[in-house]
Each structure stands twice: as C-alpha cells, then as structure tokens.
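J.: Taken in order, these protein sequences are the chains called D and X. Residues -9 to 308 (the numbering used here) are what the first sequence spells out, left to right. Residues 13 to 582 (the numbering used here) are what the second sequence spells out, left to right. Attaching a single structure in structure tokens format; questions to follow.
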Amino acid sequence: MARSVSISAARFAARVVVTLLVSSFLVFAALYLSPGSPLAVLTSGHTVSPAGLHALEVQYHLNEPFVQRYWSWVTAALHGDFGESIVSQASVSSLLGPRVLTTLTLVLYAGFVIVVLGVLTGVVAAVRGGSFDVTTTAFTTVGVATPSFVVAIVLITVFAVELRWFPVLGGGTGVADRLWHLTLPAIALAVSGLAYVSQTTRTAVREELGSEHVETAISRGVPRRTVIRRHVVRNAAIPITTVAGLSIASLIAGVAVVETAFGIDGLGSYLIQAVQNKDFAVVQAISLILVTVFIITNAIVDVVHLMLDPRLRVPARR
Amino acid sequence: MVRKLALPSVWHRVGPPRVTVVAIGALLIALISGCGSSSGSASGASSANAAATAAGLPPVHLVNVTPPAKGDVASVTWDIPLGEPLSLDPVKVWDPASQTVLPNICEALLRVEPNLQVGPSLATSIRAESASRYVFTIRQGVKFWDGHPMTMADVLYSLRSQLSPSSFYAVFTSLIKSITQTGPWQITVTTKVPFVYYQKLMAMGLGTIYEKAYAQRAGAAYGTPSGGVMCTGPFKLKSWQPGQQITLVRNPLYWDKPHAAKASTFIFKFITNPATVVDGLASGELDGSYELPPRSIPVLQASGAGHVYFGPSLIMNVLQAVATKGPVANPLIRQAIALAIDRQGLANATFNGYAAPARWPFPPWYGYAQSTFRAAYNSLPNDSRPNLTAARALVKRAGTPTSAISLAALSGSDASVGIATEAASAMTAIGLNAKVDVLQPAAYTNIYFSAKARQGIGFVVGTGGGTFEDFPDPVEILFLEGETTSPYNLDHYSNPQLDSLVTRAMATLNPATRATLVTKAALAYTHGEAMIPLVSAPESVFLNNRITGAPTPYSVWNLYPWAAAIGSTS
C-alpha cells in the first residue's frame, strides 16, 4: 500500500514537471513569435540612435536565437532565479510577491462563494422544489451565460458608484479592508461558476433523492436531515466536486478580466501588461504560477474523489 | 522632449520626441518679468480663447488655469491614465507617466508656465551670447529635501550625466560641445552647431538637477522604488509601492514660496482602464485626472462629483506618411487623401465634438509672433468638409494606383481606430485601395523605430494624435520630421528649401525674423502633405468639487510643478 502510494506520488510529480516544462516552452515560443519588441517600452517609443538600440539588444539578449534564450531561462529558473523585468528592471520575484497575495485572496474568496453558495442553493432547490427551485433555475441559467466583465460593470455601477456600499477600485490593505475591496470582484468572478455548481448540485441531489437506498432509508424512519446529509449529499458529492474543481480552476482565466475592470493590481492584470510589453521573464513566471495552481486544483479534486469513493482506492485487479 | 508610451487606451499618442526653438528675446523678457508666477491666467485665458476662435476650435471654454485654490487640503488622490512611471531618473527614461510625477518633485533649470511661456526655475536667468553659446546663472540658497544645499557640483553632475553616448537623449546631447562652470554661480554651454532651442531642453529632462552624492550612493537603483530620488521640488517622494501608488508629501524647505504645495499629501494611482477611471472619478475615489477620454466627458460633467475643464493642447491629430515607395510616396495621392477626409465629421464622431478641423499639422498655439503664425494659418484653405470631385481628379492624374494602402492604428485607442476607419473610407470613396491595420502596442510603437516594421505600411495614425510639441512652436516638428536628414523623417520627405529655412531659423535669435522663416517652412511642409492634418483637440482635466487650482495645458503638466497648485475650493 505504502509503495503504491509513493509510486503514484512519484508519477504525479513527474507529470507536474513535464506539464510545467511543456507549457513554459509554449508560452515562451508564443511570446517570441508575436510581433513587437520590448524595446518599444524601454525607449518609450522614441527613436534612439542605432548604437543605443544595439546596446539595449545586447543587454537584454534580444538578438540571441530562440533556443539559447529559452535554455538560459530554464537553467536559471531551476535555480530559483526567474530573472528581471525588462520594463522595470527589478527582480521578477520581488514584483510578483505582493500581487500573488492579492490574486490568491481573490480566487479563494470567489472559490468560497462558488462552493458554499452553489452547493447550498443547489441542495435547497432540489430538496424543497417549488418556487425556490424555479427561481434558482432562472438565475443560474442567466448566470452561466453572463461573462464576468458584464457582471463587473453592473456591480460597480449599482453597488459602488450609486449605493456606495463598496469601493470602486483597488485591492485594499489589511485583512478587513482587503475583504471589503475584493467582495464585488469576487462576486463578479464567481457568478458563472456559482451558477454551474448550483445547477449540477441540484441535478445530482435530485437523482440521489430518487434512488432506492434513499427511499429505503426514509421508509425505515431515518430522520430526513440525516438522510440528506449522509445518503444524498455524500453520494452526490462526486460530480459536485468535479464541477466545483473545474470552476475554481477556470477562475484563473477570469481573474485577468476582473482585476482590470476593478483596477486591482494582481497577477492577472499584470500578466496582460507584461504580454503587451513583451516582458518575457514576467510572462513566464506568471504563466508558471497559473499552470501550477491549475494542476494543484485538479490534484486536490482527485484526492477528494479518492476520499469520497472507496471504490477508487482499490487498484483494479488484472 | 516628450516620450509617448503606446498603451491600450484612448489617451495615448506615440511619436518621437520634439523640441522647440524659443526666441531668446522673448525668453529674456519672460525671465526678467515673469519670475515664475502663474500670473498668466487672465491674459493667458483670453489669448487662449482668442487662439481658440482663430483656430476654429469648438465653443469649449478654454482656460490656462482652473480657478485658484483658496486654501490648503490634506490629501489629493490623482490618477495617471498612462499607467505607472517606469523610472523617476531623468537620465534613464522619460515616459509620459514619469513626466506627470517628476516635475512635482524634481526641478530643472527652467520651467514652462501655464501660459506656455518658458520661465526661470533653478536657473535665475539664461543669456544667449550667440546661437551656439548659452550662459546660465544658477539660483543660490536652494536646498534638497534632506537639507543639503544645492551646489554647482550637483548642477554640473546632473547636466553632464545626460551626455552619456548610450543615453536616450544622445540624438540631442551629441550636439552639445561643452558644459563648463564659468563663474561661482554660472554655467556656460556651447553647442557644435547653432541650436537655438537647446534652451528649451533645459526645461525638461536634460535640465533636471538632483543631488550628486545621493545619486552616486544609490547607483543603478536611483529613480527606482527602492532607490528613490533626491531633488528640490515642492513635494518630496515619500514612497513608491510598485503597481499600487506613489505618495508625495509637502516639502517644507521649498525655495519658491509662491509655488509651495497646497496639499500635505499627494497620491498618484495608475489606473489605465478608462471605465474604471471614470467610475473612480464619479464616485470620488479619485480626485482628478488629465487626459479624459472624449466619450466620458459628458458622463463626468453630469455626475456632479466635480468639473471638467479644457485647456490648450500641443497634440495634433494627423496621418503621418511612413512609406518610402508606392502610392503614398506620390504627392498627388497624398493631396487627394487630404482633400477627401471629412474633418468635421471626424471631430463630431470620433471626438464627440471636442475637436476642430485643422488646416496645418501644427498645434494652433504659438509662444511668440502669434500674428505672423495666425496669418499664415488663415491663408490656408479651410478643408473641414471633403471635396471628393477634386480628390478623384487627382487620383486619376496619378494613374489610379491599385496597390493597397495600409493605415496603422493602435489597438485599444478609440481615437486612433476611429481616425483610421474614417480615413480608409474616404480613400475608398475616391478610388484608392485602403485597409486598416489595428496593431498591438509593442508592434505599433515598433513602426517609429524600425524600418522593417514600417514595410507595407502607408500611414501611421497616432493615438489621439500623432504629433505633439513640447513647446508652442512649429519649428519643433519641422526640425524633427520635416528635415531631410532627420532620423525621425520616416517617409524620407525631402524639400531642400525647407531644410535651409529650418537651419537658418535654428541660428536666428530675433523672434520676428525667425517667425518669418518658420512660417515659410511650415507652409511648404503643409503643401507637401507628408503629415496630413486632421483635427486639433483640447486638453481636458477633471477636478473633484473639493479641489481646484490645476493648470490645464498639455505639456504644462509635464514641465511645471502643477500638483503644488492644487488646493481646496473653499
């Protein structure tokens, strides 16, 4: 048993490393091939003498062949050195540090909203039925289709500019202030994932409610609350966790849009700027972080499945 | 010089730096009498409005300064729509975001007043002994924020640090022969060729003075969030949190008492997304901003959170020819395009009415000899509506070329894309094959400094413009784009008569004579249509109800301690 766990752990680690290498190569290649040059930012768009341009190209290795540049980046990265931003000439790690915290808080906040509100509304809709069910279905249908940018604009206009309940922009400082600033962004980010989880939960719970073992439990007099908790939700949990995991992982893509809309200085908005400026080191580092988070989220979902479903723990007999 | 960084937003214009020749006579007079006051407001506003009427600008009330502040204010939060400064070291980089912050903390030998005249700052006077020899008298008794006195060693160090051959300013500093101390508080600068506008450079990055000992200690970190700066301005740099904000506090040791800071704390934010900026201003989280997107102006005016003011702008909206061969290289085709464009329609649609058709590619503001320049401007035909018949005739005469003419626009800029679309449809209407290429910022800016990037492109549309001056004088654009040998002359337009006029103007100290030369060159350049004029738009600034006092003109907020003038309305 221990050996099979360590083998799967080793396999998992190997998969992670390969995924990171391949994705970093693809990102680097895509940025390299895209038109433009980071010199545009450095020279702020004005004509510099050919000698000056050449000096900059040498300094930032811009004329070296693609493979050589990628290789120097990989070898440095393996030593923990993610290079410098061409634009601000500060180390990438110092630039990303504060932004990681902001984006992480935002994603976790949105994830919390998705899971808690999504499961709750889905369960209640399935169990209670009736008008609550109809209303929830209506909202979730709209929610799944609405892009986060549209939600962001509506939320800002109503709750920030008109009602002044929440601030318009920024990420805030300090725990309470940060949570207050990130509430509207988290909601904007969470809406479509929340709707999706809510619908899936409702469907899965309804299915369970109609199953034989649940009918048996009810007819045996088990309290309804216990039935729902132990027999219904627990068994519906597998599809729910899959969908919740996917939704949270896809938040990574939506984060850039929401951060830009709310003027939040996080990894997402910084990634957009760095791509436009062709700031290679920054784009690589942020991409690696995002890919890693995605991998970890999927791994957590897999582990939760293992915990929920004992059938998955026993390796298939040949 | 103003550098423009291409970013996706309506505000940005990109182009090479321009410098302007200033009349030494006008400068001396301004120095002796002006003495750094913003007293130009009354006369400035009336001359601005007169210029506005003469220039045909829309009935927008133009002022040089907003109503003066009545008292101090504890804190102001200001937005820089162009994003975060790249550096606060005037040697390393001089991007527009840095230029918004820097003049409030660091000072140069000269400064530009709200009425667009150049006046004294850390130099009390400048005397031109000839067009290649300038003597500066340096102000005594000035202290840096740390209390150390500003000495001649600091001045020489700062000026000479700009002479490095790898400096971004090498195009201009290569013209400087020597910078020497010729008296206890006197510096003499000589240039290799007659170069009257060198003096203007002293109001900008090249003339900024900072503390030698501090800069040497900070080394490469000088001007960065970790290294900071050490200067003499009305505010001092308290902190720079990258990505978040820059915080300034009032400098109690400031030498220029009339220009002392009215705010105790001045915070800069870097919100670039136009919708977020507008929401921030409307909700009061941001107190003010320059460079408002034209479409947002009615929304902001209706919000009740503050006021929008308009001032002179040294930005021009033009189509800049960059192709050296093909249809665009044919003057007949360029003249045809110039006739076909609906300038009034462009002003109404793309600029929401906040713009006026222009007859030549120079901003309608002149720092001297106004009547000479205006007379020349008025002699040009008023092409605010298209003349398709004449345009089609010209296209036929040129042989109706069929190859595609590409218009490069900046992605994310309403103004840039709007201009390109209108120009393309005008060109199609007269029988030319036009297409619009919307480029991402890095690719777009590449056009200005890479010949390879320019291949296949006919015209560049600047974001919100394409041309700007740092000082109100057409010779700046003529020198940088019109002259045959200039590296900024992207389409290799060549007019020997224009070259000789500009060279003579650069050697002429007398303003009236210079104006005659410059006007002749300006008219010749306009006829050549290497830069097709479109519209001129005013600068705009939003101020929350609780603050006032900011100057309005574009270029002043690059070269004048504008933030110090902002205080409370009551």
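Even for Gly, the Cβ is constructed at its ideal location relative to N, Cα and C. Just so it is clear, the structure is predicted and the values come from calculations on it, not from any experiment.
1. Using a Cβ cut-off of 7 Å (strictly closer), state whether G217 (chain X) contacts chain D.
2. So, at 6 Å on beta carbons, what are the nonlocal neighbours of E249 (chain D) in its own chain, with the 5 sequence-adjacent residues on each side left out?
3. Find the residues of chain X that neighbour A80 (chain D), judging by a C-beta separation of less than 9 Å, and give them in chain order.
4. Distance, Cα to Cα, S53 (chain X) vs Y572 (chain X)?
5. Please list, in chain order, the chain X residues whose beta carbon lies closer than 7 Å to that of D255 (chain D).
6. For a test of the three-state rule: what should DSSP assign to V320 (chain X), helix, strand or coil?
7. Near Q589 (chain X), what residues of its chain come up, given a Cβ to Cβ distance below 7 Å and the 5 sequence neighbours on each side ignored?
8. I need the boundaries of the beta strand (DSSP E) containing R123 (chain X), first residue and last residue.
9. Determine whether the Cβ of P453 (chain X) lies closer than 7 Å to any Cβ atom of chain D.
10. Using a Cβ cut-off of 7 Å, pull out every chain X residue sitting near V272 (chain D), in sequence order please.
11. Grab the span of the alpha helix (DSSP H) containing I279 (chain X) for me, first residue to last.
12. Helix, strand or coil: how does DSSP classify T538 (chain X) here?
13. Nearest to N394 (chain X) by CA position, among X:S418, X:A368 and X:R307, is which residue?
14. Run through the DSSP bridge pairs and tell me what T192 (chain X) is partnered with.
15. Once DSSP output is grouped into helix, strand and coil, what is the label at E152 (chain D)?
16. I think A527 (chain X) touches F385 (chain X), with their Cβ atoms under 8 Å apart; what is that distance to the nearest whole Å?
17. Along chain X, in chain order, which residues have C-beta atoms closer than 8 Å to that of F252 (chain D)?
18. Classify W155 (chain D): buried if its beta carbon has 16 or more other beta carbons within 10 angstroms, exposed otherwise.
19. Alpha carbon to alpha carbon, how far is V247 (chain D) from G56 (chain X)? Give it in angstroms, no decimals.
20. Along the chain, where does the alpha helix (DSSP H) that runs through R516 (chain X) open and close?
21. Taking DSSP as the reference, what is the three-state secondary structure of I279 (chain D)?
22. When you compare the CB positions of D84 (chain X) and T336 (chain X), do they come within less than 7 Å of one another, or not?
23. Tell me, please, which residues DSSP counts as bridged to S142 (chain X).
24. Secondary structure at D291 (chain X), three-state DSSP: helix, strand or coil?
25. Can you find a CB in chain D that lies within less than 7 Å of the CB of N557 (chain X)?
26. Hey, out of D:T232, D:A264 and D:A251, whose CA is closest to F18 (chain D)'s CA?
27. What beta strand (DSSP E) runs, 3 residues minimum, are completely inside the segment 358 to 433 of chain X?
28. Considering only their Cβ atoms, is the gap separating K212 (chain X) from F483 (chain X) smaller than 7 Å?
29. Just the Cα atoms here: how many angstroms apart are G239 (chain X) and A233 (chain X)?
30. Should L122 (chain X) and L100 (chain X) be called a contact, given that it needs their Cβ atoms to be closer than 7 Å?
31. Tell me whether T440 (chain X) is buried or exposed, calling it buried when 16 or more other Cβ atoms sit within 10 Å of its Cβ.
32. Using the C-alpha atoms, what's the distance from T95 (chain D) back to P375 (chain X)?
33. By alpha-carbon positions, which one of D:V204, D:T206 and D:V222 ends up nearest to A194 (chain D)?
34. Taking any Cβ of chain D, which residues in the segment 497 to 508 of chain X have a Cβ under 7 Å from it, in chain order?
35. Measuring only the C-alpha atoms, how far is E493 (chain X) from Y500 (chain X)?
36. Does the count of Cβ pairs from the segment 179 to 196 of chain X and the segment 72 to 86 of chain X closer than 8 Å reach three?
T.: Taking the geometry as given:
1. Taking the first residue of the second sequence as 1, we reach residue 217 (chain X) at position 205. It does not: the Cβ of G217 (chain X) has no partner Cβ on chain D nearer than 7 Å.
2. As a first step, residue 249 (chain D) must be located in the first sequence, where it is residue number 259. If we look at E249 (chain D) and ignore the five residues flanking it on each side, its Cβ neighbours are G256, G258 and S259.
3. On the first sequence, residue 80 (chain D) is found 90 positions in, with the first residue counted as 1. Those are T236, P237, S238 and P254, listed as they occur along chain X.
4. Here residue 53 (chain X) is taken as the residue at index 41 of the second sequence, counted from 1. Here residue 572 (chain X) is taken as the residue at index 560 of the second sequence, counted from 1. Reliability of the predicted coordinates at S53 (chain X) is poor, the pLDDT of 38 falling under 50, and the value obtained from them is presented with this limitation in mind. Computed Cα separation, rounded: 14 Å.
5. Looking up residue 255 (chain D) in the first sequence gives position 265. Those within 7 Å of D255 (chain D) in chain X are G255 and Q256.
6. Here residue 320 (chain X) refers to the residue found at position 308 of the second sequence. Three-state DSSP puts V320 (chain X) in a strand.
7. Chain X is shown only over 13 to 582; residue 589 (chain X) falls outside these bounds and no answer can be derived.
8. On the second sequence, residue 123 (chain X) is found 111 positions in, with the first residue counted as 1. Start and end: L122 to V124.
9. Indexing the second sequence from 1 puts residue 453 (chain X) at position 441. Yes, P453 (chain X) lies at the interface with chain D (some Cβ there is under 7 Å from its Cβ).
10. Within the first sequence, the letter at position 282 stands for residue 272 (chain D). Under the 7 Å cutoff, chain X gives no residues; its nearest Cβ is about 12 Å from V272 (chain D).
11. On the second sequence, residue 279 (chain X) is found 267 positions in, with the first residue counted as 1. Where I279 (chain X) is concerned, there is no enclosing alpha helix (DSSP H), although the beta strand (DSSP E) it sits in stretches over A275 to K281.
12. Locating residue 538 (chain X) in the second sequence gives position 526, counting from the first residue. Taken through DSSP and simplified to helix, strand or coil, T538 (chain X) comes out as helix.
13. Sequence index remark: in the second sequence, residue 394 (chain X) carries index 382 (1-based). The shortest Cα separation from N394 (chain X) among X:S418, X:A368 and X:R307 belongs to X:A368.
14. Numbered from its first residue, the second sequence carries residue 192 (chain X) at position 180. Beta-bridge pairing links T192 (chain X) to X:T200.
15. Working through the first sequence from its first residue, we reach residue 152 (chain D) at position 162. Correct three-state label for E152 (chain D): helix.
16. Your numbering for residue 527 (chain X) matches position 515 in the second sequence. Your numbering for residue 385 (chain X) matches position 373 in the second sequence. Confirmed, Cβ separation roughly 7 Å.
17. Counting from one through the first sequence, the residue named residue 252 (chain D) turns up at place 262. For F252 (chain D), the chain X residues whose Cβ falls inside 8 Å of its Cβ are T288, in order along the chain.
18. Locating residue 155 (chain D) in the first sequence gives position 165, where the first residue counts as 1. A residue is called buried when at least 16 other Cβ atoms come within 10 angstroms of its Cβ; W155 (chain D) does not meet this threshold and is exposed.
19. Along the second sequence, one-based indexing puts residue 56 (chain X) at 44. Along the first sequence, one-based indexing puts residue 247 (chain D) at 257. Annotation note: pLDDT 44 at G56 (chain X) (below 50); position unreliable, coordinate value reported separately. Distance between the alpha carbons of G56 (chain X) and V247 (chain D) is about 44 Å.
20. Position 504 of the second sequence, counting from 1, holds the residue named residue 516 (chain X). R516 (chain X) -> alpha helix (DSSP H) spans P508 to M518.
21. Counting from one through the first sequence, the residue named residue 279 (chain D) turns up at place 289. Here I279 (chain D) sits in helix by DSSP.
22. Translated into positions along the second sequence, residue 84 (chain X) becomes position 72. Translated into positions along the second sequence, residue 336 (chain X) becomes position 324. Cβ atoms of D84 (chain X) and T336 (chain X): not closer than 7 Å.
23. The residue labelled residue 142 (chain X) in the question sits at position 130 within the second sequence. In DSSP, S142 (chain X) forms a bridge with X:R145.
24. Here residue 291 (chain X) corresponds to residue number 279 of the second sequence, with the count starting at 1. D291 (chain X): helix per DSSP, three-state reduction.
25. Taking the first residue of the second sequence as 1, we reach residue 557 (chain X) at position 545. No - not a single Cβ of chain D is within 7 Å of the one on N557 (chain X).
26. Within the first sequence, the letter at position 28 stands for residue 18 (chain D). It is D:A264 whose Cα lies nearest to the Cα of F18 (chain D).
27. Counting whole runs of 3 or more residues, the segment 358 to 433 of chain X contains the beta strand (DSSP E) stretches 417 to 422.
28. As a first step, residue 483 (chain X) is located in the second sequence; it is residue number 471 there, counting from the start. As a first step, residue 212 (chain X) is located in the second sequence; it is residue number 200 there, counting from the start. Yes, the Cβ-Cβ distance between F483 (chain X) and K212 (chain X) is below 7 Å.
29. By 1-based counting over the second sequence, the position of residue 239 (chain X) is 227. By 1-based counting over the second sequence, the position of residue 233 (chain X) is 221. Going by the C-alpha atoms only, they are around 5 Å apart.
30. For the purposes of this step, residue 122 (chain X) is taken as the residue at position 110 of the second sequence. For the purposes of this step, residue 100 (chain X) is taken as the residue at position 88 of the second sequence. Not a contact, by the Cβ cut-off of 7 Å.
31. By 1-based counting over the second sequence, the position of residue 440 (chain X) is 428. T440 (chain X) is exposed by the Cβ-count criterion.
32. Your numbering for residue 375 (chain X) matches position 363 in the second sequence. Your numbering for residue 95 (chain D) matches position 105 in the first sequence. When rounded, the distance between both Cα atoms is 48 Å.
33. For the purposes of this step, residue 194 (chain D) is taken as the residue at position 204 of the first sequence. Nearest of D:V204, D:T206 and D:V222 to A194 (chain D), Cα basis: D:V222.
34. P499 and Y500
35. If you number the second sequence from 1, residue 493 (chain X) lands on position 481. If you number the second sequence from 1, residue 500 (chain X) lands on position 488. Taking the straight line joining both Cα atoms gives about 5 Å.
36. no
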